[in-house]
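Undergrad: Dropping the structure in here first, questions after.
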Amino acid sequence: MVDLHGVKVASFLVEGQELICLPQVFDLFLKHLVGGLHTVYTKLKRLDISPVVCTVEQVRILRGLGAIQPGVNRCKLITRKDFETLYNDCTNASLCSTQTIFPSKLRDNI
């Protein structure tokens, strides 16, 4: 487990890289910013971020830690750096859509 934005998240050290559980960070940090996990995968592709597929043993560990649901049998991992890139993209997209909505609503009320 590692600290990410003040919250403990599941992680693995793979070939010298710290990898964090994508579904867990989606649930903790991203789901209120984007439409769903499919949106995250679209963003990952656009940002040229390639998640790593968990091994069977890693999936078991993640289930045991409560990072993923008991019935889940597949999971992907990303680096902390890639998470920050994704998080910033989701945050900026959320701010942009908010700024796009409010000016038109203000115009309608004037």
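The sequence shown finishes on residue 1024 if you use our numbering, and the numbering steps up by one all the way, no holes.
C-beta atoms are modelled at their ideal positions from N, C-alpha and C, and glycine is treated no differently.
As the structure is a computational prediction, the values presented were derived from the model and not from experiment.
(1) For Q927, which three-state DSSP category applies?
(2) Candidates Q931, K945 and L927: which alpha carbon is nearest C1004's?
(3) Assuming the contact rule is C-beta atoms closer than 8 Å, P965 and K990 should be a hit. Round their C-beta distance to whole Å, please.
(4) Between which two residues does the alpha helix (DSSP H) carrying V954 extend?
(5) Can you tell me whether DSSP reads V939 as helix, strand or coil?
(6) Grab the span of the beta strand (DSSP E) containing D992 for me, first residue to last.
TA: Reading from the atomic positions:
(1) Per the sequence shown, the amino acid found at residue 927 is Leu instead of Gln. Three-state DSSP puts L927 in a strand.
(2) K945
(3) 4 Å
(4) L951 to R960
(5) helix
(6) In the sequence as displayed, the identity of residue 992 is Ile instead of Asp. Segment K990 to T993, the beta strand (DSSP E) holding I992.
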